[in-house]
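**Student:** Dropping a structure here in structure tokens format, bear with me for questions.
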Amino acid sequence: QVQLVESGGGLVQPGGSLRLSCAASERTFEDYRMNWFRQAPGKERAFVAGIWRSEMTFYADSAKGRFTISRDNAKNTIYLHMNSLKPEDTAVYYCNAQPMTGGPNYWGQGTQVTVSS
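Structure below.
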């Protein structure tokens with residue numbers, strides 16, 4: 059079972075930047091597509107960005123051009139670099155491990171991001 063721990067959330071002004079981190083309890087390089095989701099109050103959880111190995115990345119339209127997903131395999135850690143943040147980016151951000159060969163997804167506990175002046 060993969061355990062995921064997110065960190066890096068907080069309060070930031072519009073136009074600011076944050077870097078979220080997701081530390082995995084085991085190596086996820088080849089066996090899992092690693093994703094970031096977010097859930098705003100009153101809304102469903104939504105995909106933000108994903109990465110498989112190091113070269114394949116995926117983004118929601120809302121994240122393209124502003125967010126970058128990356129990974130440090132030596133640290134078993136996934137990052138979400140968020141720039142030009144907007145109030146509508148306010149949400150709880152969740153790290154997700156999606157096994158490439160099927161099976162259950164794993165989720166972190168989430169980290170709150172609030173974009174407000």
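The numbering of the sequence shown is this note's numbering, which starts it at 59 and goes up by one.
No residue lacks a Cβ here, since even glycine has one placed at the ideal position from N, Cα and C.
(1) At a cut of 8 angstroms, does the region 112 to 130 reach the region 148 to 158 through at least three beta carbon pairs?
(2) How many angstroms separate the CA atom of residue 66 from the CA atom of residue 139?
(3) Output yes if chain B places a C-beta closer than 8 angstroms to the C-beta of residue 91; else output no.
(4) Can you check whether the CB of residue 77 is closer than 8 angstroms to the CB of residue 137?
(5) When DSSP labels each residue in this structure, what does residue 50 get in the three-state scheme?
(6) So, using beta-carbon positions, are residue 115 and residue 107 closer together than 8 angstroms?
(7) From this set, 73, 173 and 64, which residue's C-alpha is nearest residue 167's C-alpha?
(8) Hey, how far is the Cα of residue 121 from the Cα of residue 175?
(9) According to the neighbour-count rule (16 or more other Cβ atoms, all chains shown, within 10 Å of its Cβ), is residue 96 buried or exposed?
(10) Who are the near neighbours of residue 71 in its chain, counting only those whose CB is closer than 6 angstroms to its CB and skipping five residues on each side?
**Tutor:** On the basis of the coordinates in this document:
(1) Because the criterion of three Cβ pairs below 8 angstroms is not met, the region 112 to 130 and the region 148 to 158 do not touch.
(2) Residue 66 and residue 139 have their C-alpha atoms some 10 angstroms from each other.
(3) Protein chain content of the structure displayed is limited to a single chain, and chain B is not contained in it.
(4) Contact flag set, yes.
(5) An answer regarding residue 50 cannot be provided, because it is not within the stretch 59 to 175 covered by the chain.
(6) Against a cut-off of 8 angstroms, the Cβ pair of residue 107 and residue 115 comes out as a contact.
(7) It is 64 whose Cα lies nearest to the Cα of residue 167.
(8) Take the alpha-carbon of residue 121 and the one of residue 175: they are about 21 angstroms apart.
(9) Buried, by the Cβ-count rule.
(10) 175, listed in sequence order.
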